Amino acid sequence: MSAHHTDQGCDVNLRRFRWPDETGIFVVLLIVLGVFAALSESFRSASNGGILLLNGSVVGFLALGQTFVLLTGGIDLSTGAMIATTGVLAPIMLKAGIPWPIAALLTLGIGAGAGAISGIVVHYVKVPPFIATFAAQGVLSSIPLIITGANSVTVTDQGFAFIGQGYLAGIPVPVVLLILAAILGALFLRWTKAGVHLYAVGGNRAAARLAGVNIARTTILAYALSGMCGAFGGLIATSRLMVGFPNTGLGNELFFSIAAAVVGGVSLFGGIGSIPGAMIGAVLIATVSDGMNVTNVNSYWQPLVIGVIILLGVAIDTYRRSRRGNPIRLSRWNAIRSGRRAAVGTPAKS
Amino acid sequence: MSAHHTDQGCDVNLRRFRWPDETGIFVVLLIVLGVFAALSESFRSASNGGILLLNGSVVGFLALGQTFVLLTGGIDLSTGAMIATTGVLAPIMLKAGIPWPIAALLTLGIGAGAGAISGIVVHYVKVPPFIATFAAQGVLSSIPLIITGANSVTVTDQGFAFIGQGYLAGIPVPVVLLILAAILGALFLRWTKAGVHLYAVGGNRAAARLAGVNIARTTILAYALSGMCGAFGGLIATSRLMVGFPNTGLGNELFFSIAAAVVGGVSLFGGIGSIPGAMIGAVLIATVSDGMNVTNVNSYWQPLVIGVIILLGVAIDTYRRSRRGNPIRLSRWNAIRSGRRAAVGTPAKS
Amino acid sequence: GCSGPGASTGSGGASGGASALPANCKSDKPTLAVSLPNTVNPYYVAMRQSFIDNGAKAGFTVKVAIANDSDSSQLAQVQSFIQQNVCVVALNPVTSGPGAAEVNLLTKAHIPVFTVNIDADRDQVKSGGGSIVEYVGADQKEGGKVMADAALEDLGSKPAVVGIAGEPNETVTVDRDKAFEAEITAKSSTSKVVASVDTKVDPQVSLQVVTEMLQGHPEINTVFADTGPAAVGSIQAIKQLGLSGKVTLYAFCAANTKLDSVLYRGCAAQQPSLYAQIVADNAAKFIKGETVPEMVFQPVKVFTEGQQPAEDELG
Amino acid sequence: MTGELAARALSRRYGNTLALDGVDATIRRGEVHGLMGHNGAGKSTLLRLLTGADRPDSGAITIDGSEVRLARPADAHAAGIIAVYQELSLIENLTVSENLFLAGELTTAGRLDRAAMNRVADDLLAKYRIDATATTVLRDLPVASRQLIEVASALRRNVKYLLLDEPTTALSPTQIEELLQQLKRIATEENVGVVLVDHRLDEVFSVADRITALTDGRVLLSGSTAQVTRADVERAIIGHESEPTARAARSAAPASTGETLLSVRDIRSARLRGVSLEASAGRVLGIYGLVGSGRSRVLRAIFGEERLSGGEMVLGGHPYAPASPADAIRSGIAFVSEERKSDGFIPEFHPRENVTLPVLDRFQSAGILRLGRARAAAEEALGRVRIHGDLQQPIARLSGGNQQKVLLSRAMLQSPRVLLLDEPTKGIDIGTKAEIHDLIRELAHGGDRAVVLVSTEEEELLGVADDILVIRNGRSAGRLHRAEDLTVAELRRLALESPEAALAGV
Ligand SMILES: Nc1ncnc2c1ncn2[C@@H]1O[C@H](COP(=O)(O)OP(=O)(O)OP(=O)(O)O)[C@@H](O)[C@H]1O
Ligand SMILES: Nc1ncnc2c1ncn2[C@@H]1O[C@H](COP(=O)(O)OP(=O)(O)OP(=O)(O)O)[C@@H](O)[C@H]1O
Ligand SMILES: [Mg+2]
Ligand SMILES: [Mg+2]
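Protein sequences appear in the order of chains A, B, C and D. Take the first sequence: its position 260, counting from 1, is numbered 355 in our numbering, and each next residue is one higher. Take the second sequence: its position 228, counting from 1, is numbered 323 in our numbering, and each next residue is one higher. Take the third sequence: its position 91, counting from 1, is numbered 242 in our numbering, and each next residue is one higher. Take the fourth sequence: its position 106, counting from 1, is numbered 167 in our numbering, and each next residue is one higher.
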């Protein structure tokens, strides 16, 4: 079969140890952290590390959920609006006297359920995910306004503050929750059937179906997980302020969550990417946002700075991959756009 | 050749006349128009028709530009921010004494140039379009804030009002411009080599390259066109208000432009879709927005109503296609996700 | 303190030339059309309710349109008002520049316009040939000024080191920030503004960016939040960083939030319901041919320790 | 213990095409059943219906006499029916082992047992002599290996009926022999009913117990291999008995010894380690080598698709260094790639549009396309190869062989100076194959054109090519062999020998 040339030393090395795909963007993250740390003493403080992660936790959860959906080749536009809905439902339940842990679980359930409905629409009604979740976004951003008449709902049960303001072993609870969820998610993707099926459906839906994968179940599961992650976001947001606002999460959150996943190497075309990658992407975005405020970057410049940093980061990552000498991997995007459809494909040389 | 059985009447009919792909969503549009007209007398007035189209013209231009990019399998997130940038650049040029027609042309050129830069980054730096245009969005939304210090720039040249407020043969100029641009765009896609190449690149990048398509030129062209359409949007927005505001276009415009294209049958995966479809999608979205305001739908309910109408519209369209007994098109999304990669593959009948 | 309806700081005023008014004004229940930026901010929720109630009392059919913070939807809504040939329009522009274009359109259609809360850009109104019957709103600059005074008073001899939790993209809020800064530096040469962040008028965003600002500038002892939602987020940010007692907040008032003696020590409130009421009443007068003042600057209402602004007294 | 899977009057219509028209067929366990037919006859469709990948319009599927409803592939799997489809249906972003076990993963206590799966996968890879490991990502494997992996994946499952759609197209002769033996063994020893779709009579006759031939969606012939002759099958497929072989045709039309059109000198790239060749006008140059030896890469390098690190090329007397396929096309080179689905055609384009894509320049005036002229030219080009199927539909809906014909006519339409063909008759039926061989030779021998042909099928290579270059490990000996001097055995020996030995030897 295809020839191996042991005289080509670098090939042998390459085979012996391959850096994981996430290395590149992780290095970019380290560089960005380094630059901000050099610029600002306050940025270097340990407490800032906690705050950075804390402030990034909501987008982190959304990015986590988004990853499941993106892996199947879908997209979830409703994830920000899910924060709005669950963020007011939780305090309403608390007002009704439901103990906070139960209210929190119910909220997660509602998030998963609402997500599952998107999944059902995508799979059975066969509407493109963009449209199905666009509609879900509309519904989920109207619901809290309608229920509350645009008023905020104050949380009456002080225990609920634990979710957003508590600390476990010195780490903010939202960060602990996110880390746990990300680990569980990564284990799920790697060590369960359903996890592999998510990749399979996104990689080649038709082939997955022919192999006997239950596409319906897989699709619905992905959207339900994303909905649940959105509900985590809603719980954290509301708990941090102890007030539920009907328009929380309707800002940059959605965008940032998709961007985090894509920066971390998740393909919008499905089938490629990992949770560690998406989480590194989310931390990168949180770092840039935090760093800009800590170092007092003028707000007019902030969109530009974040855009440029992310572009540079991804470009560096892309370049690093191209240097690995694996032509098919030259660029992940090329691999996706051509390699994917193009089976063996052409060396990405265009 | 394969056997034809003329005794199966309906098939013979099918062959004689095939409704274009856009029919389904067009019928949906007619139904929505009908419902609003039945609900509100003001909606029926002729002048409302003009206003509806006028208000839809900016999103229409963005959807037009977005279509070119989506056809190549990319996405342009910077199109709303392009409105912001070009919308303040134009009045600044006018202030500098440049005659308005020249300022308008320069603005279009700047839009095309900025778009081309995104295209260059996508093609040569091989960064995913989502990231490249996300960065462009950041840059283009910072620029006008930085230039103006968040102040609006008043248009001093009254002639400039023609672009946004003039009428030609009783039709608002923006609508005339959009119709002209859409017709030119549609002709371009069908009757020029570059147009065919756009579809080819989105349909199968690797195969297009092997068929001699210049991928670089095609990609850059698509983003440049989208940038130019964004600049049209900026000109219209500024001319309608006679003031350039650095935040214009950063709201729902981007989302609506993508949604319009997708509703009209343009695939997010590239290679499928048409300009008439995208334009019908844009008019549908404009109709729903306008109709909700004219019939005084409570603003809390508006996101829900627009989401549900669009979902129903696309679902009906999908269903209609599935009834055509055309297995590859059973569901557009399926076609894209499986049929595309799986060539003849399996009929998507899961 | 607060002055009663109709208090006028402007001069001149206008009277309704009954002949020039739209036909609709002569009907039994003429239409008062209101366009508001959004209804996700309790401020505008209060304003809308007041327009509905007081407009009806003043004999109007009230039509409220919400622009969802988009200039272009607001323009569309104004056009739809023109179509429907309403009697009078109360306009709270999303932003003042585009607001001028809307005023000009309405003037061209001979529909009288009242601006409320946020004025339309006067230069553009003038150059575009439009006219505004009356503006009703708070004196933004005064709001910033009184909060600066309160901060300096509470600090005693210490200089104020200020971080602004602001909305840099709106002229009204920028006015508040500028007035705050001008006052604080004028009165105390050692005081200064060291940082400002963009809160996007969202409590959640405010919480995030204010924590980050306080991280980056441990020397800050005073936060000025120029909107209610920013105040909500700032309070939590200060509390959760354990800076309560070290950092004091002055703000435009947050909804449902009581002031205290340690952290949230002063706020200035606008009174959206009152502005709406003044507009409704004066619009009724105007179409009857009476003269109304051209500018109504309502002073802000100041709250301190222990007080809680009422439902409709907001930043 | 026997059993049977049967199609009863199955019909399936796609738009204007009646792909199956009342087909009856019976597959018995323990037998190999050869399914043959011209391109577009309905073979793949029949397989899809039998595996629940598609549903019939009418008719029934029975197992051991009782009707079953196969709504989705999972239903068929449950009944022990497993298929290997014509278009590879593996998932490129997954590893070999994930693919092998997809939807049938091994778990212990709900957790994937990756170690066990990798073990089994490695065993299978060793058994089928596939050069890969369980954790290789499929995307990085050559087509032949994927094909074998797919077969292996089917065999691994609990299978009663195994349906294979052209499993041998991408394989080398030795791989084919081994595969066929495996199939025979599985049928007899494991009592599996095997359906083998294949265009090569030799292969089918060597293993099949029973043969069914489809024509235009109808069964034209069915019987045991003892009863049916090759001539019967040929008649069923092409309407008459097979024409004289390509080899005979060549001797009938001797090639000229024209001037050198393209000369390639010692080109190198990531996996090419020095290849030289000369293609002369009026001659067909064949390239032979083992799978993975770099044949496709040589063609791609000439076509501007492989980044070269050394060497040079001369085309028509001028230095030639294409930066892209577009350059190559402008220089008068045409290429048919070996993987039509991945980089051959644009799936949503109609055959016509696909055919004219590389030559749109010709139909332009004042920057505007003359679609009428393009259409006429495309129709003329498509007319040269008979296509079964609806040309008014996207090419993705044609049968595999017919897609290949479209791509061949696309290359012809370019009227290239140098035509590069990589496995041009992959999946093409016997009747058309002969026509295509004639076409290639006509094209070359017409005078001022050169053809470079890569084929895994030795008979084809020996029959069509005038000269043969052997490549091994990305290196060529630089010595041409006269095709008429060679035999299949010699070819194989040359391919295995080191280039140096080949130089010294023969
Ligand atoms: N999804 C589809 N949509 C439309 N037509 C189809 C589809 N699938 C197959 N056909 C048509 O059905 C007919 C039979 O195709 P099929 O793929 O079964 O042929 P085949 O015998 O396998 O041919 P080949 O030897 O070329 O693989 C062809 O005319 C083909 O164009
Ligand atoms: N790892 C890879 N990187 C880049 N391209 C690959 C890779 N694997 C396969 N390909 C592509 O697939 C084609 C066939 O793969 P293979 O490695 O077998 O090529 P080859 O060496 O030319 O083999 P053959 O001689 O069988 O054609 C190549 O032309 C190449 O374009
Ligand atoms: Mg077939
Ligand atoms: Mg090959």
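Don't be surprised by glycine CBs; every beta carbon is placed ideally from N, CA and C. These numbers come from a predicted model, not from an experiment.
Beta carbon proximity, residue i to chain A, threshold 9 Å
{"i": "Phe121/B", "result": "no"}
{"i": "His379/D", "result": "no"}
{"i": "Gly367/C", "result": "yes"}
{"i": "Trp195/B", "result": "no"}
{"i": "Met139/C", "result": "Outside the displayed span of chain C (152 to 466) sits residue 139/C, for which this structure offers no information."}
{"i": "Ile241/B", "result": "yes"}
Which residues DSSP lists as bridging residue i, in chain order
{"i": "Gly524/D", "result": "In DSSP, Gly524/D forms no bridge with anything."}
{"i": "Gln425/D", "result": "Leu430/D"}
{"i": "Arg74/D", "result": "Leu79/D"}
{"i": "Pro267/B", "result": "Tyr262/B"}
{"i": "Glu373/D", "result": "Arg326/D"}
{"i": "Ile143/D", "result": "Leu223/D"}
Closer than 9 Å to chain B by CB, residue i
{"i": "Thr246/C", "result": "yes"}
{"i": "Gly233/A", "result": "yes"}
{"i": "Asp201/D", "result": "no"}
{"i": "Gln236/D", "result": "no"}
{"i": "Gln465/D", "result": "no"}
Under 8 Å by beta carbon: chain C residues contacting residue i
{"i": "Ser417/B", "result": "Neighbours of Ser417/B on chain C: none; closest Cβ ~35 Å, over 8 Å."}
{"i": "Asn449/B", "result": "The shown model of chain B, from 96 to 445, leaves out residue 449/B, and the question about it has no answer."}
Residue i (DSSP reduced to helix, strand or coil)
{"i": "Tyr415/C", "result": "strand"}
{"i": "Leu345/B", "result": "coil"}
{"i": "Gly366/A", "result": "coil"}
{"i": "Tyr395/A", "result": "coil"}
{"i": "Ile423/B", "result": "Model confidence at Ile423/B stands at a pLDDT of 35, short of 50, so the residue's coordinates are unreliable and nothing is read from them."}
{"i": "Arg543/D", "result": "strand"}
{"i": "Leu109/A", "result": "Unreliable placement is indicated for Leu109/A, whose pLDDT of 42 sits below 50; the coordinate value is still reported in the next sentence. Here Leu109/A sits in helix by DSSP."}
{"i": "Tyr219/B", "result": "helix"}
{"i": "Gln236/D", "result": "helix"}
{"i": "Gly168/A", "result": "coil"}
Listed by chain order, chain B residues near residue i by CB distance under 7 Å
{"i": "Ile405/A", "result": "Ile226, Phe229 and Ala230"}
Proximity test, Cβ basis, 9 Å: residue i and chain D
{"i": "Lys288/B", "result": "yes"}
{"i": "Gly298/A", "result": "yes"}
{"i": "Ile367/A", "result": "yes"}
Proximity test, Cβ basis, 9 Å: residue i and chain C
{"i": "Gly160/B", "result": "no"}
{"i": "Tyr414/A", "result": "no"}
{"i": "Leu336/B", "result": "yes"}
{"i": "Ile423/B", "result": "Residue confidence for Ile423/B is low, a pLDDT of 35 falling below 50, so the modelled location carries little weight and cannot support an answer."}
Closer than 8 Å at the beta carbon, the chain D residues around residue i
{"i": "Leu305/B", "result": "Phe364, Glu366, Pro386, Phe396, Ser398, Asp404 and Gly405"}
{"i": "Val291/A", "result": "Leu155, Glu159, Leu163, Glu166 and Leu173"}
Contact between the stretch 115 to 129 of chain B and the stretch 238 to 258 of chain B: three or more CB pairs below 8 Å?
no
For the pair the stretch 360 to 374 of chain D and the stretch 447 to 456 of chain D, tell me if three or more CB-CB distances fall below 8 Å.
no
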